[in-house]
Amino acid sequence: MKEKFNALVVREKDGIVNHAIEEITSDMLSEGNVVVEVHYSSVNYKDMLAVQTKGGVIRDYPMIPGIDLSGKVVSCENGEFKPGQEVLVTGFQTGMTHTGGYSEYVRVPAEWVLPLPEGLSLREAMVIGTAGFTAALSIMSLEANGMSADKDQEILVTGASGGVGSVAVQLLKASGYKNIHALARKEDEIPKLLSLGASHILLADETIPEKPRVLGKQRFHYILDVVGGKVASGLLPQIYYGGSMSMCGNAGGIKMETTVMPFILRGVNLLGIDSVNYPIQGRQAIWERFAGEWHIMSEAIVKDVNLDELTQVFDNIKAGKHMGRHVLKMK
Ligand SMILES: NC(=O)c1ccc[n+]([C@@H]2O[C@H](COP(=O)([O-])OP(=O)(O)OC[C@H]3O[C@@H](n4cnc5c(N)ncnc54)[C@H](OP(=O)(O)O)[C@@H]3O)[C@@H](O)[C@H]2O)c1
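Here the sequence shown stands for residues 88 to 418, numbered as in my numbering.
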């Protein structure tokens, strides 16, 4: 491990949060029994929030953000991982209360670390990252509630241009789903969404009513929602009898306006998704799928960036000007 190395550090002064690249030493890293040399990280919506004033992600400053990372083990106190072994970490407290992946090195508890599955590169793991892992959890939850590629079902992915949504469209396509609707806000995103595997593009202003109806025309059997807010509120009354909507995000707001009617008259299910504290025991099998049947990420929506380009990426995510995934190259 180098004595001095670079990290993106978020600091707070007089209630204002700022971030900058700093040369730091290992004293600044949070405690943990595994030291990892970070090769790649990624940029998620939550990482953008982490560098904002009142972003709600970081509680104590200074902090190094970056909720995802992949790299090689430098040392492991309990012997569970070997030096040089390729590993990945997503979620738990990484980049929130525990110094995260926007650093040349991290120190994390072994209980957060997964061996990189064979067939997946360190970079590919970060193309997927928390966004892709969350898309996978959403699909698994919808499938546990009856979504099936063998049935003729209408499926909708909201926020389809973003990290979670763009991976979800690709995973659904790879899983054999045919009627994949993608909800978008910008017409210029349509060609890329079609290339990812969406069969129909729906524009948000034509699909989401200004005020949600109590019950609307039944259009979708299963909805994978990442937007929340007005979008999720407007879609619940459009779900077929017995259908489900998974809900993982709040990019469009945290408040929902709904009635009990879709639930008590149509038996609609609302399925909460959390990737952060998803048990480590269940994670390996999902990452194995990313190395196998789901080894399909399109490079068309991936951009590689360096540490000094992160500020621009955060600004673009905040302004809704980005598409797909950003991979941070640390080595
Ligand atoms: N529960 C979990 O464990 C978990 C894990 C990962 C992410 N998340 C959450 O999931 C959400 C998405 O994350 P992400 O990384 O995919 O973010 P992202 O890349 O910024 O994507 C957000 C998407 O939402 C769309 N959107 C935003 N506001 C909208 C609105 N008012 N109406 C319609 N569409 C809107 C954006 O569309 P445009 O391109 O048109 O702007 C974009 O496609 C975030 O809230 C994030 O915190 C939760």
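Every residue gets a Cβ at the ideal spot worked out from N, C-alpha and C, and that includes glycine. These numbers come from a predicted model, not from an experiment.
Identity of the residues DSSP links to residue 158 by a beta bridge: Answer is 125 and 174, bridged to residue 158.
Rounded straight-line distance, which links the Cα of residue 291 to that of residue 284: Residue 284 and residue 291: Cα-Cα distance of roughly 19 Å.
Closer than 7 Å: residue 337 CB and nearest ligand 1 heavy atom: Relative to ligand 1, residue 337 has its C-beta within less than 7 Å of a heavy atom.
Reference residue 417; option with closest CA among 372, 386, 107 and 124: Ranking the options by Cα distance to residue 417, first place goes to 124.
Distance between residue 352 and residue 389 (C-alpha atoms, nearest Å): CA-to-CA, the gap between residue 389 and residue 352 works out to about 42 Å.
Residue 362: CB within 7 Å of a non-hydrogen atom of ligand 1: Yes.
Cβ contact (3+ pairs, closer than 8 Å) linking the stretch 157-176 and the stretch 133-148: No: fewer than three Cβ pairs fall under 8 Å.
Any non-hydrogen atom of ligand 1 within 7 Å of residue 151 CB: No.
Contact the stretch 194-204 vs the stretch 220-229: 3+ CB pairs below 8 Å: No: fewer than three Cβ pairs fall under 8 Å.
Residue 415 - containing beta strand (DSSP E), residue span: First-last of the beta strand (DSSP E) with residue 415: 412-416.
Contacting residues, own chain, Cβ-Cβ under 6 Å from residue 179 (five flanking each side not counted): In chain order, 199 place their CB closer than 6 Å to the CB of residue 179, counting only its own chain and leaving out the 5 sequence neighbours on each side.
Where residue 194 sits in the DSSP three-state scheme: Annotated three-state conformation of residue 194 is strand, per DSSP.
Residue(s) in a DSSP beta bridge with residue 359: Residue pairing of residue 359 in beta bridges, as defined by DSSP: 334.
Of the listed residues 113, 392, 147 and 349, nearest to residue 299 (C-alpha basis): It is 349 whose Cα lies nearest to the Cα of residue 299.
Terminal residues of the beta strand (DSSP E) in which residue 98 lies: Unbroken beta strand (DSSP E) run through residue 98: 92-100.
heavy atom of ligand 1 below 7 Å from residue 319 C-beta: Placement of the Cβ of residue 319 at a distance of 7 Å or more from every heavy atom of ligand 1 is found.
Residue 105, DSSP secondary structure in three states: It is a strand residue.
Cβ pair residue 192, residue 95 closer than 8 Å: No, the Cβ-Cβ distance between residue 192 and residue 95 is not below 8 Å.
DSSP bridge partner residues for residue 220 (one or two, in chain order): DSSP links residue 220 through a beta bridge to no other residue.
For residue 407, three-class secondary structure by DSSP: The three-state secondary structure of residue 407, taken from DSSP, is coil.
Residue environment, residue 106, which counts as buried when at least 16 other CB atoms sit within 10 Å: The residue in question, residue 106, is buried, as its Cβ has 16 or more Cβ neighbours within 10 Å.
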